[in-house]
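Please read the structure below before turning to the comments.
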Amino acid sequence: MAGLVSQLALLAVLASSGGLGGLGWGIGVVYAVTVCALLANGITRRGSGGFGPADWITQLRALLTGGAAALVADSFSGDVPVALLIVFAALTILLDATDGWVARRTGTTSALGARFDMEVDAFLIFALSVYVAPLVGVWVLLIGLARYAFVATGCFLPWLRASAQARYWSKVVAVVQGVVLTVAAADVLPHPLAAAALLTALVLLAESFGRESWWLWRHRKEHGGKVVVPSGVRTAAAIVVIWCVLVLPADPTQMTPVAFVSIPAAGLLIVLTALLLPRRWGQAVAVGCGIFLGCLLILKALNMAFVAVFGRAFDPVNDWFYLGPGADVLGDSIGQAGALAVAVAAIALAVAALVLLPLAALRLSRAASHNRRLSARAAAAIGFVWVLLAVTGLQWSPDVPLASTSPVPLVSGQLRQLQLDLADRKDFAAQIILDPLDDGPRDGLLEGLRGKDVMLVFVESYGRSALSDPAISPGVKAALKAGTKELEAAGFSSLSAFLTSPTFGGASWLAHSTLQSGLWVDSQQRYNQLLTTDRMTLSGAFSQAGWRTVFDVPANTLDWPQGQAFYHFDALYDSRNVGYRGPKFSYATMPDQYVLSAFARLELAKQPRTPVMAELDLVSSHTPWTPLPSLVPWGQVGDGSIFNPMAALGPSPESVVSNPELVKTLYGKSIEYSLAALFSFVRNHPDPNLVLIVLGDHQPAAAVSGQGASHDVPISIIAHDKSVLGRISSWGWDEGALPDPSAPVMPMSEFRDSFLTAYSQGASAPVTGSTPTLSPAAVPGDDVVPSPGLPSPE
1 MAGLVSQLAL LAVLASSGGL GGLGWGIGVV YAVTVCALLA NGITRRGSGG FGPADWITQL
61 RALLTGGAAA LVADSFSGDV PVALLIVFAA LTILLDATDG WVARRTGTTS ALGARFDMEV
121 DAFLIFALSV YVAPLVGVWV LLIGLARYAF VATGCFLPWL RASAQARYWS KVVAVVQGVV
181 LTVAAADVLP HPLAAAALLT ALVLLAESFG RESWWLWRHR KEHGGKVVVP SGVRTAAAIV
241 VIWCVLVLPA DPTQMTPVAF VSIPAAGLLI VLTALLLPRR WGQAVAVGCG IFLGCLLILK
301 ALNMAFVAVF GRAFDPVNDW FYLGPGADVL GDSIGQAGAL AVAVAAIALA VAALVLLPLA
361 ALRLSRAASH NRRLSARAAA AIGFVWVLLA VTGLQWSPDV PLASTSPVPL VSGQLRQLQL
421 DLADRKDFAA QIILDPLDDG PRDGLLEGLR GKDVMLVFVE SYGRSALSDP AISPGVKAAL
481 KAGTKELEAA GFSSLSAFLT SPTFGGASWL AHSTLQSGLW VDSQQRYNQL LTTDRMTLSG
541 AFSQAGWRTV FDVPANTLDW PQGQAFYHFD ALYDSRNVGY RGPKFSYATM PDQYVLSAFA
601 RLELAKQPRT PVMAELDLVS SHTPWTPLPS LVPWGQVGDG SIFNPMAALG PSPESVVSNP
661 ELVKTLYGKS IEYSLAALFS FVRNHPDPNL VLIVLGDHQP AAAVSGQGAS HDVPISIIAH
721 DKSVLGRISS WGWDEGALPD PSAPVMPMSE FRDSFLTAYS QGASAPVTGS TPTLSPAAVP
781 GDDVVPSPGL PSPE
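The UniProt record's numbering applies: residue 1 is where the sequence shown begins, and numbers increase by one.
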């Protein structure tokens, strides 16, 4: 315990003088606790009566080595006082000749003292090699890792664990390693000379270990035995696994090496129950803790996946729905074989977590009950350090304290989310009932669009990032500017702004239902609840006013009875009934150009006919954004077979997954394609009675849009009749198809009421301008083609 306190005091002195930061503190604390625990174990197992004079010198060397290791760790996050590092290392090496001499003169030599002395040497060499490696080359780490590789190999080869014949040459080689590394760390030699000296030291080290191994091999029959992993190694492995699971961040942005240096107090629960409860009860609690840890690891993995893709935490009520269908999207991205392999690996890892972590906890519990005194001391030391760190508030960053409280924040957050989700059903039901359209007069409904064909076009993953990210925006902005000129040449005008989508990275149907219903539908629970009601939608309003209503959902491969019952559309087009004979393009069952061409053929070309209001989904800009079709002359679209050669062009989805910059480029190109197809369609179908509402459904995944990106999506209203845009002139939207970054932003849930108010005579729906009432759930999963009975991607 005196060594632990002394080490902490040295770290405090270094920190107060400005020579030590958070990373150094963490490494220094872990080192101090580890040395204290190992010494206590050695004293207990060997029945030593305590430290002799030489051992106290070795303890001083260990103290200096801990200081050096802390400085080395801190060097990766900033400048450190190199002179102080060299002093620590030099004093440790000089004192190495003292402790042995004192032990022999005082008759206090012991196996424990010799082992303690050797391990201090080994760790100093390891720490110095870590510092020198960035200066000279990563191969220098071989010097520091040699000792530990030798010990690890001995776990599986019993004859390597035997005591070799004592050789003075081995001590000389050990000193050479320390001296050469210290000189190299001081950076006083030319780099070629320092590298030559280090290479010579490595050769000497290899010769020393090689000769010792050869001697042990020749005498292996005397020290043979079964290949058995020592009990201590298994216990140490169990501690490391439990430690890592507890401190593993639930947010991938915090996944840094320093996060694993935190001390999790929760791990002491297994040790304390083993010490305080009868053995059988303690082991039962340990198994329960292991199962909990397995579930915790799975939860953290899910949370990291949702943060990485959708920019928000995993929702325990709503998000299980997306795991199965998400595999379908993954299949479109990396191929069905790859998706199957990922799914099998995920299931195997989950099963392994639920099996191995209970075994690890049981191993730790048994070790604690068999070594009560050592376990109590170790628990007390770790608890003392944790309290000290918690009181001082030391942390790597605002979200990564050295004294980890994991898993309390994550579990409490999940429980709170569960409570809010359960309460939200009643709250959302009340919002559904309170519809301003229910009581308003229907005379003059949508009178301002009488005789117009209205196309509500959702461009998949078309978010603000497409206009703001320097890696994406140049091409997209150019396409919008060119499109604006193209529209003007055809006699069309446009106004643009932004809507705030309820979803991010996927789940387009939440955005579609939000826009159509005038409610904030940001969870699968709310979506399912909404589709069982008769809430008025935009499509329903157009139907009541005499329009034919159509939905065109090319991603759908199955019937959609829930959509028919809620939206009451007159026709539904999907991948099966538009005459397409061309190839798939990953997720997209057909190119956007064909979707628009088929709609014109099946609806707009009919004569005579009533005006049509249609919602169309353009999905060529859906992940994985490759391969991507090209535009062809509209007269050659035909049945889509002209696109057959294009499906083999461009990189494959699985080949680009690991290249974030290329993925961004491909995303931008896909948005450019979808917009170009749409503008070209308007130019080639210049109907003066055509009105388009073009918007994105959500931002692309966080891997493209970035962590913390907004939920904003661009929206444009395009019309040939200038009176159509005149009705929304008070909205303050920007002219053209490219909105300025400072353009107005409206919650997507307000669009229905605002739109119907603008284009109806005597409609009572107000433009509320209020903040939407949010569900407690964050944004659910990815766009998927539904299985029977599941919601459509609408």
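Just so you know, even glycine gets a beta-carbon here, dropped at the ideal spot from N, CA and C.
List the endpoints of the continuous beta strand (DSSP E) containing residue i.
{"i": "Leu422", "result": "Careful: Leu422 lies outside any beta strand (DSSP E), inside the alpha helix (DSSP H) at 408-433."}
{"i": "Ala614", "result": "612-618"}
{"i": "Asp552", "result": "548-552"}
On a CA-only basis, which of the options is nearest residue i? Give me that one, please.
{"i": "residue 805", "options": "Pro249, Phe428, Val307, Gly505", "result": "No statement about residue 805 is possible, as the shown extent of the chain runs from 1 to 794 and does not include it."}
{"i": "Ser730", "options": "Ala737, His720, Pro744", "result": "Pro744"}
{"i": "Lys452", "options": "Trp215, Ala390, Leu690, Gln414", "result": "Leu690"}
{"i": "Val130", "options": "Gly100, Gln414, Tyr168, Gly178", "result": "Gly178"}
{"i": "Gly311", "options": "His720, Glu750, Pro688, Ser710", "result": "Ser710"}
{"i": "Met536", "options": "Ile433, Leu402, Leu248, Thr253", "result": "Ile433"}
{"i": "Met455", "options": "Asp687, Ala197, Leu23", "result": "Asp687"}
{"i": "Val30", "options": "Val13, Ile57, Thr58, Gly67", "result": "Gly67"}
{"i": "Thr532", "options": "Pro358, Ser543, Ser513, Gln254", "result": "Ser513"}
{"i": "Ala353", "options": "Pro700, Lys300, Met590, Val400", "result": "Lys300"}
{"i": "Ser551", "options": "Gln516, Ser680, Lys171", "result": "Inspection of the sequence shows that residue 551 is occupied by Phe rather than by Ser. When only C-alpha atoms are compared, the closest one is Gln516."}
{"i": "Glu615", "options": "Val595, Ser621, Arg601", "result": "Val595"}
{"i": "Ser543", "options": "Tyr567, Pro561, Gln524", "result": "Tyr567"}
{"i": "Thr500", "options": "Ile57, Thr106, Gly696", "result": "Gly696"}
{"i": "Ser742", "options": "Thr503, Arg464, Gln283", "result": "Arg464"}
{"i": "Leu141", "options": "Glu603, Leu202, Asp315, Ser652", "result": "Leu202"}
{"i": "Ala265", "options": "Phe751, Ala122, Leu388", "result": "Leu388"}
{"i": "Phe504", "options": "Ala676, Tyr573, Ala313", "result": "Ala313"}
{"i": "Ala196", "options": "Glu212, Trp139, Ser208", "result": "Trp139"}
{"i": "Ser468", "options": "Asp712, Leu85, Gly28", "result": "Asp712"}
{"i": "Ser262", "options": "Gly26, Gly668, Gly113, Pro633", "result": "Gly26"}
{"i": "Leu357", "options": "Leu418, Ile291, Asn318", "result": "Ile291"}
State the start and end residues of the unbroken alpha helix (DSSP H) segment that holds residue i.
{"i": "Met455", "result": "Segment 453-459 is the beta strand (DSSP E) holding Met455; no alpha helix (DSSP H) there."}
{"i": "Met746", "result": "No alpha helix (DSSP H) holds Met746; the beta strand (DSSP E) holding it covers 745-747."}
{"i": "Pro249", "result": "Here Pro249 belongs to no alpha helix (DSSP H), and DSSP marks it neither H nor E."}
{"i": "Ala478", "result": "473-489"}
{"i": "Ser670", "result": "660-684"}
{"i": "Ser496", "result": "Ser496 -> not in any alpha helix (DSSP H); beta strand (DSSP E) instead, spanning 493-500."}
{"i": "Ala737", "result": "Counting along the chain, Ala737 falls outside any alpha helix (DSSP H), and DSSP gives it neither H nor E."}
{"i": "Glu603", "result": "From DSSP, Glu603 is part of no alpha helix (DSSP H); its letter is neither H nor E."}
{"i": "Gln707", "result": "Where Gln707 is concerned, there is no enclosing alpha helix (DSSP H), given that its DSSP letter is neither H nor E."}
{"i": "Gln529", "result": "524-530"}
{"i": "Glu207", "result": "191-218"}
{"i": "Trp509", "result": "508-517"}
{"i": "Ile291", "result": "279-310"}
{"i": "Gly169", "result": "With the sequence shown as reference, residue 169 is identified as Trp, and Gly is not the correct amino acid for it. Run containing Trp169: 168-186, per the alpha helix (DSSP H) assignment."}
{"i": "Val656", "result": "653-656"}
Counting only the same chain and skipping the five closest in sequence on each side, list residues whose C-beta sits under 6 Å from that of residue i.
{"i": "Arg581", "result": "Asp639, Gly640, Ser641"}
{"i": "Ile717", "result": "Leu495, Ile693"}
{"i": "Ala598", "result": "Val578"}
{"i": "Pro793", "result": "Bear in mind that a pLDDT of 37 at Pro793, under 50, signals an unreliable position, so the model cannot answer this."}
{"i": "Leu14", "result": "Leu20"}
{"i": "Ala2", "result": "none"}
{"i": "Ser17", "result": "none"}
{"i": "Leu666", "result": "Trp625, Thr626"}
DSSP has residue i in a bridge; who is on the other side?
{"i": "Gln395", "result": "Pro401"}
{"i": "Val694", "result": "Val457, Ser716"}
{"i": "Pro264", "result": "Ser404"}
Within the same chain, show all residues whose beta-carbon is closer than 7 Å to that of residue i, passing over the 5 residues directly before and after it, in chain order.
{"i": "Ala765", "result": "Any reading at Ala765 must be qualified, since the residue scores a pLDDT of 42, below 50, and its modelled position is unreliable; no value is offered."}
{"i": "Val5", "result": "none"}
{"i": "Gln254", "result": "Asp399, Val400"}
{"i": "Ser770", "result": "Its pLDDT being 39, under 50, Ser770 is placed unreliably in this model, and the coordinates cannot settle the point."}
I'd like the list of long-range same chain contacts for residue i, defined as Cβ closer than 8 Å, with 5 residues on each side in sequence excluded.
{"i": "Tyr527", "result": "Trp509, Leu510, Ser513, Val521, Pro791"}
{"i": "Leu725", "result": "Ser493, Ser494, Leu495, Ile717, Ala719"}
Taking only beta-carbon atoms, is residue i less than 7 Å away from chain B?
{"i": "Trp215", "result": "Although the question refers to chain B, the structure presented lacks it and comprises just one protein chain."}
Practice task
Starting from the N-terminal side, write out each stretch of the alpha helix (DSSP H) that is 4 residues or longer and does not extend beyond the stretch 98-148.
Solution key: 111-136
Problem - Inside the stretch 560-592 only - alpha helix (DSSP H) runs reaching at least 4 residues - result: 561-567
Practice task
Please list the segments of the alpha helix (DSSP H) lying wholly inside the stretch 17-62, counting only runs of 4 or more residues, in order along the chain.
Solution key: 22-46
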